[in-house]
Amino acid sequence: MSPRAVQDGDNMPYNASQRLDRLPESSFHRRLATLIGAGLFFDAFDLYMASGIMVALAREGWGTMQANGQFVSAGALGALLGAALAGWLGDRYGRRFAFQFNLILFGVMSLAAAVAPSMGWLIVFRLLMGIGLGAEIVVGYSTITEFVPPASRGRWGAVLFFCATAALLGSSLVSYWVIPTLGWRWMFGIAGVGGLLVWFLRKEMPESPRWLESVGRHREADAILARVEAIAEREHGPLPAPVQMVHSAPSAYRFGDLFRGRLLRSTVLAVVMNVVGLCAIYGFIIWLPTFLVKRGLSLTSSLGHTALMAGGSLLGIVLGGYLSDRFPRRRLLIANSVLCAGLGLLYPNMATLAQTTVVGFLLVASLYFTGTIGFSTYVPELFPTELRLRGTGLASAAGRGASILAPMTVAALYEWNGVQGVTLALVLMGAIQAVMIAWLGIETTQRSLDHAFSSETAGR
Numbered sequence: 002m003s004p005r006a007v008q009d010g011d012n013m014p015y016n017a018s019q020r021l022d023r024l025p026e027s028s029f030h031r032r033l034a035t036l037i038g039a040g041l042f043f044d045a046f047d048l049y050m051a052s053g054i055m056v057a058l059a060r061e062g063w064g065t066m067q068a069n070g071q072f073v074s075a076g077a078l079g080a081l082l083g084a085a086l087a088g089w090l091g092d093r094y095g096r097r098f099a100f101q102f103n104l105i106l107f108g109v110m111s112l113a114a115a116v117a118p119s120m121g122w123l124i125v126f127r128l129l130m131g132i133g134l135g136a137e138i139v140v141g142y143s144t145i146t147e148f149v150p151p152a153s154r155g156r157w158g159a160v161l162f163f164c165a166t167a168a169l170l171g172s173s174l175v176s177y178w179v180i181p182t183l184g185w186r187w188m189f190g191i192a193g194v195g196g197l198l199v200w201f202l203r204k205e206m207p208e209s210p211r212w213l214e215s216v217g218r219h220r221e222a223d224a225i226l227a228r229v230e231a232i233a234e235r236e237h238g239p240l241p242a243p244v245q246m247v248h249s250a251p252s253a254y255r256f257g258d259l260f261r262g263r264l265l266r267s268t269v270l271a272v273v274m275n276v277v278g279l280c281a282i283y284g285f286i287i288w289l290p291t292f293l294v295k296r297g298l299s300l301t302s303s304l305g306h307t308a309l310m311a312g313g314s315l316l317g318i319v320l321g322g323y324l325s326d327r328f329p330r331r332r333l334l335i336a337n338s339v340l341c342a343g344l345g346l347l348y349p350n351m352a353t354l355a356q357t358t359v360v361g362f363l364l365v366a367s368l369y370f371t372g373t374i375g376f377s378t379y380v381p382e383l384f385p386t387e388l389r390l391r392g393t394g395l396a397s398a399a400g401r402g403a404s405i406l407a408p409m410t411v412a413a414l415y416e417w418n419g420v421q422g423v424t425l426a427l428v429l430m431g432a433i434q435a436v437m438i439a440w441l442g443i444e445t446t447q448r449s450l451d452h453a454f455s456s457e458t459a460g461r
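Under the numbering used here, the sequence shown is numbered contiguously, ending at residue 461.
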């Protein structure tokens with residue numbers, strides 16, 4: 002039998018957290034992850050296809066160096082705004098509303114870009130598209146953490162991170178076949194139709210019971226919980242009783258609480274992790290072919306060795322998903338940050354190309370290991386339900402803002418001291434991240450999302 006929550010305004014014997022956390026995985030969780038993962042895939046697909054489109058734009062006379070730069074900057078600025086906007090929308094109007102808003106914005110603007118009459122309009126549409134792109138990541142990772150059991154949060158986060166990463170291969174293959182034959186407009190059309198299809202399928206996706214409960218909508222939360230429990234009971238038999246926890250009354254969290262007390266620690270840590278992670282990706286991984294060409298390799302050879310190093314991303318995701326629920330996430334992130342710093346020291350000092358490729362492979366794996374555990378699972382766990390999306394969105398916006406500056410910073414560092422200058426920055430970022438996680442981090446593995454916030458309020 003499902004433990005019935007009581008009506009609005011009464012004292013509930015079991016809250017949404019207790020009822021969700023004791024449920025076994027079911028077809029409900031798999032369907033939810035599929036819908037979120039599909040959205041993340043098309044989100045990243047649209048992001049990654051930009052490089053191929055810019056080449057086509059240049060050949061058609063639309064894309065000068067200046068115009069292409071504006072095209073890229075518009076997408077990056079939109080993603081920054083979208084990350085911040087998603088946090089406010091998701092905590093104010095609900096996860097489901099934020100999901101549908103950002104996806105229909107992205108889908109419609111992608112279709113508009115497919116028929117853009119000029120480069121100026123294409124840049125405008127890219128800005129609006131970017132808002133949807135930046136929002137999807139924030140809402141997607143945070144929402145999955147609010148539904149799945151504590152024992153498997155890390156694995157489900159890794160699945161979603163893989164969906165986003167797989168879009169790199171998907172967009173590359175589709176671009177290879179579509180752009181030379183049908184033209185760049187079809188790429189926007191494919192992304193837009195895919196996004197709108199996922200939007201339609203998500204129309205029946207439920208709201209997060211944790212969020213509903215946090216805003217006092219207990220009856221709606223109970224109805225959704227009852228449906229999820231019924232699915233689990235039908236597939237697994239009688240359910241275990243929820244674990245009764247001693248918890249205080251819900252806290253009236255405000256946005257300002259992110260900047261004081263215990264939540265300030267979470268905010269600072271989340272910002273640091275997003276800045277380090279996105280700067281490492283945009284400040285190292287995308288520059289790998291350039292570094293190898295500067296070393297004397299041909300373009301073809303540099304791209305081949307870069308592809309081998311990029312294969313480390315799959316290893317990082319698989320290891321992250323496997324270890325995330327088996328060992329304390331905080332300790333895993335600290336250890337991997339130290340490992341990343343060590344590999345950064347080794348990379349520019351390898352004597353042969355083969356050694357450089359192996360160390361580069363391991364370094365990419367380390368960066369994606371942190372992304373798998375940190376971005377998809379750990380950062381959303383740092384905030385209470387009432388502020389989860391605003392905290393995550395703020396951190397994501399900060400990371401995206403820093404990543405806009407990363408390419409220029411890398412160019413300056415390379416001019417100063419070659420690859421050693423770039424990897425020195427990577428070493429420093431890894432060391433700073435390790436120290437900050439050790440100092441400010443909390444352990445979240447196998448614990449309820451509400452565990453860290455059940456006995457006291459932020460800033461009080």
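Glycine residues also receive a C-beta, built at the ideal position from the N, C-alpha and C atoms.
In summary, Ala-168 is buried, with 16 or more beta-carbon neighbours lying within 10 Å of its beta-carbon over all protein chains present. Assigned with DSSP and collapsed to three states, Thr-65 falls in coil, not helix or strand. The alpha carbon of Ala-75 has as its nearest neighbour, out of Arg-60, Leu-123 and Thr-424, the alpha carbon of Leu-123. The C-alpha of Cys-341 lies about 38 Å from the C-alpha of Pro-210. Taking C-beta atoms as the reference points, Met-130 and Gly-184 fail to come closer than 9 Å. Spatial neighbours of Met-120 in its own chain (CB-CB distance under 8 Å, excluding positions within 5 residues in sequence) are listed in chain order as Leu-58, Trp-63, Gly-64, Ala-68 and Phe-72.
With three or more CB-CB distances shorter than 8 Å, the region 381-393 counts as touching the region 254-261. In this structure, Val-273 lies away from Gly-431, with their beta-carbon atoms at least 9 Å apart.
In the three-state DSSP reduction, Thr-445 falls in the coil class, being neither helix nor strand. Under the three-pair Cβ rule at 8 Å, the region 339-359 does not count as touching the region 233-244. Buried is the label assigned to Glu-137, since at least 16 other Cβ atoms lie within 10 Å of its Cβ. The residues Ala-34, Gly-38 and Gly-322, in chain order, have a CB closer than 8 Å to that of Val-160 in the same chain once the five nearest residues on each side in sequence are set aside. Within the same chain, Cβ atoms closer than 8 Å to the Cβ of Gln-447 are found at Pro-151, Ala-152 and Asp-326, the five residues on either side in sequence being excluded. Residue environment for Gly-195: buried (at least 16 other C-beta atoms within 10 angstroms of its C-beta). The Cβ atoms of Phe-107 and Leu-134 sit closer than 9 Å to each other.
Put simply, the backbone Cα of Arg-332 is about 49 Å away from that of Arg-60.
Membership of Leu-48 in the alpha helix (DSSP H) is indicated by the continuous run 28-49. Listed in chain order, the non-local C-beta contacts of Phe-292 below 7 Å within the same chain comprise Val-420, local neighbours out to five positions each way being set aside. Annotation: the continuous alpha helix (DSSP H) that includes Ser-173 extends over 154-183. Fewer than three beta-carbon pairs drawn from the region 214-225 and the region 98-107 are found closer than 8 Å, and the two stretches are therefore not classed as touching.
Taking the C-beta atoms as reference points, Gly-394 is found nearer than 9 Å to Gly-91. Here the alpha carbon of Leu-368 sits roughly 23 Å from the alpha carbon of Thr-144. Here DSSP, grouped into helix, strand and coil, assigns Asp-451 to coil.
Pairing Phe-376 with Gly-317 gives a Cβ-Cβ distance that is not under 9 Å. For Met-351, the secondary structure class from DSSP, reduced to helix, strand or coil, is coil.
In the DSSP annotation of this structure, the continuous segment of the alpha helix (DSSP H) that includes Arg-96 starts and ends at 96-115.
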